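Notes for the one structure printed next.
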Amino acid sequence: MKSVQYNKKCKLVYTPVDSVDRRSNLSYEEFVQEYVSVGKPVIITDVVKNWKASTKWNIDFFRSKYGSVKVKVQDYNPEGEFTRSERTFESMKIADYIDYMAGDTANKFLYLRDLCLYDHPELWEDCEEPMYFNNWFTKKLPFELLKKLFRDNGVFIGYKNTSIGLHYDMHYKITWIAIISGQKKAILLSPDQGKYLYDGRVNCFKPNLEKFPLYAKAKPVECIIKQGEMLLIPPNWWHQLKNLENTIALVTSTINEWNYELYYQDLVEKFPVRGHLFPLMWKFPWLFRVLVSIGTKKP
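Under the working numbering, the residue at position 188 of the sequence shown is numbered 188, and the numbers go up by one with no gaps.
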């Protein structure tokens, strides 16, 4: 495991692209040199198909095993802006959401993205952490702590034409999205494009240039992620994904040698006390347990 230097100022490294590479038989060395070390997205086409989940995870599986589990679903307005005030959620059982997907849904676009892997660790048994995305935290921390730090790691079940909205993942996390069934269209924008994106209020699939004229200067890159494929989203890349059909996906964030310094640096800037405690908590995981037990919230 790489030694982390906590006292140096780190800079984000990224590589703008005109298109997203599609790679198979990609060695770890190639992945590092050509993609993750230079902040460049890539679609890896030959990893997910080897998982048990690729044949096991379907609508019937989630209905029978998790149908009674209550989750939050987001009500997506394809004509709206993606401001926090416009995001609405409702709670429903997974079985009810699956019924919704099968019914007449013309007036509602609901997206299930709250089935956290750390609430249901048995789901990990159907997947294999790709060699490209070695997550230090999953190797070192217990599940009850991972629940606090990685609530967004989980199974996303999306009705066709739904989207979460344009955003980038907080704290310089590396994100990978694996498509178990269905397919998604992704629009990616490198970190330097943020000045054209109005804090993510733009709907990249239907931009309103009268209201958001600067978006005309942005350089979005589109790609399709198909069943059995996996997309790497480097730290601080803006992205908006849309389910082209009913889709089941696994979405996971990673902290490792390629973004840990940036992750720590961001915690210190945004949460000084907890950020400065972080090196000690990393060295002594029991400190995490103490802070969680007294009600410390996710940084």
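Virtual Cβ for every residue (Gly too), placed ideally from N, Cα, C. Values in this document were obtained by computation on a predicted structure and should not be read as measured data.
Residue i - DSSP class collapsed to helix/strand/coil
| i | result |
| --- | --- |
| Y111 | strand |
| I255 | coil |
| A218 | coil |
| T15 | coil |
| M131 | coil |
| W176 | strand |
| V202 | coil |
| F284 | coil |
| G228 | coil |
| H120 | coil |
| T296 | Caution applies to T296, whose pLDDT of 46 falls short of 50 and renders its modelled position unreliable; the value that the coordinates give is listed next. In this structure, T296 counts as coil in the three-state DSSP scheme. |
| F62 | helix |
| S24 | coil |
| F212 | coil |
| D75 | strand |
| F31 | helix |
| T55 | helix |
| L303 | The chain is shown only over 1 to 299; residue 303 falls outside these bounds and no answer can be derived. |
| S194 | In the sequence as displayed, the identity of residue 194 is Gly instead of Ser. Looking at G194 - three-state DSSP - the assignment turns out to be helix. |
| K138 | Note that residue 138 is Thr in the sequence shown, not Lys. Correct three-state label for T138: helix. |
Chain C contact for residue i (CB, 8 Å cutoff)
| i | result |
| --- | --- |
| S24 | As a matter of chain content, chain C is missing from the structure shown, which is built from one protein chain. |
Exposed unless 16 or more other CB atoms sit within 10 angstroms - verdict on residue i
| i | result |
| --- | --- |
| K297 | In this predicted model, K297 has a pLDDT of only 49, less than 50, meaning its place in the structure is not dependable; the value taken from the coordinates is given anyway. When all chains shown are included, K297 counts as exposed. |
| P78 | exposed |
| M1 | Because M1 carries a pLDDT of 39, less than 50, the predicted location of this residue cannot be relied on, and the following value inherits that uncertainty. M1 comes out exposed. |
| W286 | exposed |
| V251 | buried |
| V36 | buried |
| T162 | buried |
| Q5 | Residue placement at Q5 is flagged as unreliable, the pLDDT there being 45, under the threshold of 50; the coordinate-derived value follows with that caveat. Flag for Q5 reads exposed. |
| E173 | Checking the sequence shown, residue 173 turns out to be Lys, not Glu. That one is buried. |
| F284 | exposed |
| G39 | buried |
| R230 | Correcting the residue identity first, residue 230 is Met in this sequence and not Arg. By the neighbour-count rule (16 or more Cβ atoms within 10 Å), M230 is buried. |
| T175 | buried |
| L267 | buried |
| T138 | buried |
Integer Cβ distance of residue i from residue j, believed to fall under 8 Å
| i | j | result |
| --- | --- | --- |
| L197 | L241 | Incorrect: roughly 15 Å between the Cβ atoms, too far for contact. |
| N25 | N135 | In fact, because the Cβ distance is near 23 Å, the residues do not count as touching under 8 Å. |
| V42 | L188 | With 8 Å as the limit, V42 and L188 do not qualify as a contact, their Cβ atoms being about 11 Å apart. |
| Y66 | L115 | 7 Å |
| R113 | F156 | 4 Å |
| I164 | Y111 | 7 Å |
| E128 | W51 | 6 Å |
Identified DSSP bridge partners for residue i
| i | result |
| --- | --- |
| K93 | K70 |
| H239 | H167, L188 |
| I44 | R23, M230 |
| A249 | F156, I179 |
| T88 | D75 |
From the options, residue whose alpha carbon lies closest to that of residue i
| i | options | result |
| --- | --- | --- |
| D126 | G103, Y14, G154 | G154 |
| F89 | H120, E129, D75 | D75 |
| K93 | V273, W51, R63 | R63 |
| G158 | P121, L123, F109, S37 | F109 |
| E222 | K65, R22, I248 | R22 |
| G228 | T15, K184, T138, L112 | K184 |
| S19 | I179, V48, K219, S181 | K219 |
| P191 | A178, K226, W238 | W238 |
| Y264 | G182, H171, V202 | H171 |
| H120 | V71, K211, I98 | V71 |
| Y324 | D266, L277, P235 | Nothing can be reported for residue 324, as the shown portion of the chain is limited to 1 through 299. |
| N246 | K160, V268, F205, V73 | K160 |
| Y28 | W51, N259, P130, F137 | P130 |
| Y215 | K226, A102, K195, I224 | K195 |
| D152 | A186, V69, Q33, T254 | T254 |
| Q193 | L12, P16, T138 | P16 |
| I177 | C204, Y260, E30, F133 | F133 |
| C10 | N243, E261, K49, F278 | E261 |
| I179 | I224, P207, S68 | I224 |
| I59 | G275, A249, A186, P272 | A249 |
| D199 | E30, A102, D169, K56 | D169 |
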